[in-house]
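Per my numbering, the sequence shown starts with residue 33, numbered consecutively. Virtual Cβ for every residue (Gly too), placed ideally from N, Cα, C.
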Amino acid sequence: MQNNRLRIAMQKSGRLSKETEALLKRCGLKLNFRDNRLISPVENLPIDILRVRDDDIPGLVMDGVVDLGFIGENVLEEERLEREAMEQPTEFTTLRRMDFGGCRLSLAVPEEFDYNGPQDLQQSRIATSYPNLLRRYLSERGVEFSSCMLKGSVEVAPRAGLADSICDLVSTGATLEANGLKEVEVIFKSKATLIQGPRPLSDEQQALVNKLLVRTNGVIQAKE
Ligand code: ATP
Ligand code: ZN
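Next comes the structure, spelled out in structure tokens:
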């Protein structure tokens, strides 16, 4: 099944997909994403692009199914902690942090909550899609909590009576405000990043990765 084409995974559609696509194009890759195809061959280089849900990308890279992946550090680190706990492979290297996809993972509580520090969350219930990052942060501060795992609509959980507070991604804070919540603690700052898995590359593939990195540096520096 293995051929000599470099495999790169990126988010199919969402907050990272447009900028990842734009970067690859500026690096000189001729992309032609047709309809719902999972794999799109790059027309002018021996590269295949896999377009998938962002949550699948860390595992695809760490399992060596793809060579490279563009992924938010938040999803990457959450998945790394999850896989570590499950004793699954977690090996990867970071090739370069991107200049897009910036956001932060924050704790937020109802506006009327008199918040004085993490201790105020002791024995409470917190809704989040990032239980591992949250547990690491709060256990370092001696706080025990129970999580309410939600992949969506996290910000409505307190009003709905499902949780006391939330831990969710924030960029402007407008969504929090609209739901009567205030941000009280930043637990992880994230950007998109390019990672490489453990699968050994051929000399040609390694040369291609090097070229891609040089061009990426050029594209990002040109914008600074
Ligand atoms: P998918 O369908 O691929 O699973 P998704 O809904 O999980 O997509 P998006 O909302 O597209 O994910 O976000 C992808 C990534 O974009 C986030 O994990 C994060 O790294 C980054 N991001 C940047 N700004 C924000 C923001 N304001 N809110 C959420 N994510 C953001
Ligand atoms: Zn996702």
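Neighbourhood of residue i by C-beta, 6 Å cutoff - its chain only, sequence neighbours within 5 removed
i, result
"residue 108", "90"
"residue 230", "96, 123"
"residue 190", "142"
"residue 33", "No answer about residue 33 holds up, because its pLDDT of 46 lies below 50 and its placement is not dependable."
"residue 51", "132"
"residue 147", "141, 216"
"residue 65", "72"
"residue 252", "131"
"residue 239", "none"
"residue 237", "38"
"residue 243", "none"
Assumed close pair residue i, residue j - CB separation to whole angstroms, cut-off 8 Å
i, j, result
"residue 287", "residue 78", "What is shown of the chain runs 33 to 256, which leaves residue 287 out entirely."
"residue 102", "residue 48", "6 Å"
"residue 100", "residue 226", "6 Å"
"residue 248", "residue 55", "7 Å"
"residue 46", "residue 86", "6 Å"
"residue 104", "residue 224", "6 Å"
"residue 158", "residue 179", "6 Å"
"residue 150", "residue 173", "4 Å"
"residue 160", "residue 186", "6 Å"
"residue 98", "residue 82", "6 Å"
"residue 84", "residue 57", "That pair is no contact at about 19 Å."
Those residues which DSSP pairs with residue i across a bridge
i, result
"residue 218", "138"
"residue 43", "84"
"residue 19", "No statement about residue 19 is possible, as the shown extent of the chain runs from 33 to 256 and does not include it."
"residue 157", "178"
"residue 73", "80"
"residue 213", "142"
"residue 203", "None; residue 203 has no bridge partner."
"residue 198", "140, 159"
"residue 8", "A query on residue 8 cannot be resolved here, the shown segment of the chain reaching from 33 to 256 and no further."
Same chain, Cβ closer than 8 Å to residue i, neighbours up to 5 away in sequence not counted
i, result
"residue 80", "37, 38, 39, 40, 71, 72, 73, 74"
"residue 106", "135, 137, 162, 165, 201, 220, 222"
"residue 143", "212, 213, 214"
"residue 176", "154, 155, 170"
"residue 117", "164"
"residue 183", "161"
Residues near residue i in its chain [Cβ-Cβ closer than 7 Å; skip 5 each side]
i, result
"residue 245", "127, 128"
"residue 205", "215"
"residue 125", "227, 228"
"residue 139", "197, 199, 216, 217, 219"
"residue 234", "36"
Contact with chain B by residue i, beta-carbon distance below 8 Å
i, result
"residue 249", "The question asks about chain B, but that chain is absent: this structure has only one protein chain."
- Query: Could you name the residues, in chain order, whose CB is less than 5 Å away from a heavy atom belonging to the ligand ZN?
  - Reply: 86, 87
- Hey, which unbroken runs of the beta strand (DSSP E) at 3 residues or more fall wholly within the stretch 88-136? 100-104, 125-129
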